[in-house]
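K.L.:
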Amino acid sequence: MSQATLHDLYRPLGHNGPRVSPLGLGTVKLGRDQGVKYPNGFQIPDDDEARMLLKLARDLGINLIDTAPAYGRSEERLGPLLRGQRQDWVIVSKVGEEFSDGQSRHDFSAAHTRFSVERSLKRLETDYIDLVLVHSDGNDLAILNDSEVYPTLAALKREGKIGGFGFSGKTVDGGLKALEQGDCAMVTYNLNERNEKAVIDYASEHGKAILVKKALASGHACLSPGVDPVRASFELLFEHPGVASAIVGTINPLHLAHNVATVAKVLRKH
1 MSQATLHDLY
11 RPLGHNGPRV
21 SPLGLGTVKL
31 GRDQGVKYPN
41 GFQIPDDDEA
51 RMLLKLARDL
61 GINLIDTAPA
71 YGRSEERLGP
81 LLRGQRQDWV
91 IVSKVGEEFS
101 DGQSRHDFSA
111 AHTRFSVERS
121 LKRLETDYID
131 LVLVHSDGND
141 LAILNDSEVY
151 PTLAALKREG
161 KIGGFGFSGK
171 TVDGGLKALE
181 QGDCAMVTYN
191 LNERNEKAVI
201 DYASEHGKAI
211 LVKKALASGH
221 ACLSPGVDPV
231 RASFELLFEH
241 PGVASAIVGT
251 INPLHLAHNV
261 ATVAKVLRKH
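Printed below as a string of structure tokens:
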């Protein structure tokens, strides 16, 4: 039996956004193994392993890739790894959070926002990034109301350096506020955490984009015996028309193929 793919299941990233696969590849594990909240340790893949993972993702129909300056060396590795393939990928990166010496720090100033995007363009070896999200420190409303990060991203969009901008936050109020002026919100939504559903509802009503992080959160013990937690998670996500794509950061090829097959089954059932 042939491997299921997502090639025919793309959907728009918001009203005016590019068409993306319903599953996106998160790349924190390509660049950082410190201070990450995973239950098990892992080894950062070498270039050959990373190249094979990216090729598998594309063969399975994934065209959305998620990175960030806070993901250690992720961006600077992706530049060479994706050389000659720019037209094949929708790239999402972030601003606002830096990670060095095992510590995160945040800077939402206009100067740092512009510096960060310009640096990401160089690292990724591209002249535009499809979507740039603000990496919140949890003070969502303060960032949106009191910093220059959103006006600066709006200017970078007008300049053609980014295709769209939005917010990866931690609160409902922040997500709603972010979508008033931005193009996309990245929200946590899974079997255990559903309080940001209001943000997805708003996006669906207003033609804005939603990306989901932590879609496969650990802690599925509440499920009945015999229930596949991966399938149950994706059924929850994709029963909502506002969800464009779920970002999953696996570096295990078997897990990636299983996730793709499960999403394909869920979406073809709808």
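Residue numbers for the sequence shown, in full-length UniProt numbering: 1 to 270.
All C-beta atoms, glycine included, are put in the ideal place defined by N, C-alpha and C.
For clarity, every value in this text was computed on a predicted model and none was experimentally measured.
1) Counting C-beta neighbours from all protein chains within 10 Å, is the total for M186 16 or more, i.e. buried, or is it exposed?
2) Using the C-alpha atoms, what's the distance from L81 back to R51?
3) Count Cβ pairs between the stretch 187 to 194 and the stretch 143 to 150 that sit closer than 8 Å; are there 3 or more?
4) Cα separation between R11 and F165?
5) Can the beta-carbon of G174 be found less than 8 Å from the beta-carbon of L124?
6) Based on Cα-Cα distance, which residue from S21, S2, G17, N259 lies nearest to D8?
7) Could you check the C-alpha separation between V248 and D101 for me, to the nearest Å?
8) With 16 as the cutoff for other CB atoms within 10 Å, does G84 come out buried or exposed?
9) For T27, which of helix, strand or coil comes out of DSSP?
10) Considering only residues of the same chain and omitting the five flanking positions on each side of K94, which have a CB-CB separation below 6 Å?
11) Look up S104 in the DSSP assignment and give the residues it is bridged to.
12) Are there 16 or more other CB atoms within 10 angstroms of the CB of N252, so buried, or fewer, so exposed?
13) Going along the chain, which residues of its own chain have a beta-carbon closer than 6 Å to the beta-carbon of S104, five neighbours each way excluded?
14) May I ask you to report which of helix, strand or coil DSSP gives H135?
15) Consult DSSP for R77 and reduce its assignment to one of helix, strand or coil.
16) For the alpha helix (DSSP H) containing D140, name the first residue and the last one.
17) Check each candidate in E49, N139, R77 and name the one with the smallest Cα separation from H106.
18) Locate the beta strand (DSSP E) running through F165, then write down its first and last residues.
19) Within this structure, are the beta carbons of L25 and I65 separated by less than 8 Å?
20) Using only the alpha-carbon positions, how far apart do L78 and T250 sit?
21) Quick check on I91: does DSSP put it in helix, strand or coil?
22) Short of 8 Å in beta carbon distance, which residues of its chain neighbour K157, apart from the five on each side in sequence? Order them along the chain.
23) Return the bridge partner residues of V248 from the DSSP annotation.
24) Given V149, which residues of its chain have a CB within under 7 Å of its CB, disregarding the five upstream and five downstream residues?
25) Using the C-alpha atoms, what's the distance from K269 back to R231?
P.N.:
Quick look at the numbers:
1) Per the 10 Å Cβ criterion, buried.
2) Approximately 6 Å between the Cα atoms of the pair.
3) No, because fewer than three Cβ pairs between the stretch 187 to 194 and the stretch 143 to 150 fall closer than 8 Å, the two stretches do not touch.
4) Their backbone Cα atoms lie some 18 Å apart in a straight line.
5) No; because the gap between Cβ atoms is not below 8 Å, this pair is not in contact.
6) The residue among S21, S2, G17, N259 with its C-alpha nearest the C-alpha of D8 is S21.
7) Computed Cα separation, rounded: 25 Å.
8) By the C-beta density criterion, G84 is exposed, having fewer than 16 other C-beta atoms within 10 angstroms.
9) DSSP places T27 in coil when its eight states are reduced to three.
10) Same-chain partners within the cutoff: A68, L133, H135.
11) DSSP output for S104 lists F99 as bridge partner(s).
12) Counting of Cβ neighbours within 10 angstroms places N252 among the exposed residues, the total staying below 16.
13) Excluding sequence neighbours, S104 sits near E97.
14) Strand, per DSSP.
15) Of the three classes helix, strand and coil, the one that applies to R77 here is helix, per DSSP.
16) Unbroken alpha helix (DSSP H) run through D140: 140 to 146.
17) H106 has its Cα closest to that of N139, out of E49, N139, R77.
18) Where F165 is concerned, the enclosing beta strand (DSSP E) starts and stops at 165 to 168.
19) Pairing L25 with I65 gives a Cβ-Cβ distance under 8 Å.
20) Distance between the alpha carbons of L78 and T250: 16 Å.
21) Residue state, collapsed to three classes: strand.
22) Result list for K157: G163, G164, F165, in chain order.
23) DSSP links V248 through a beta bridge to L25.
24) Taken in chain order, the residues that qualify are V95, G96, F108, T113, V134, I143.
25) Rounded to whole angstroms, the gap between the alpha carbons of R231 and K269 is 12 Å.
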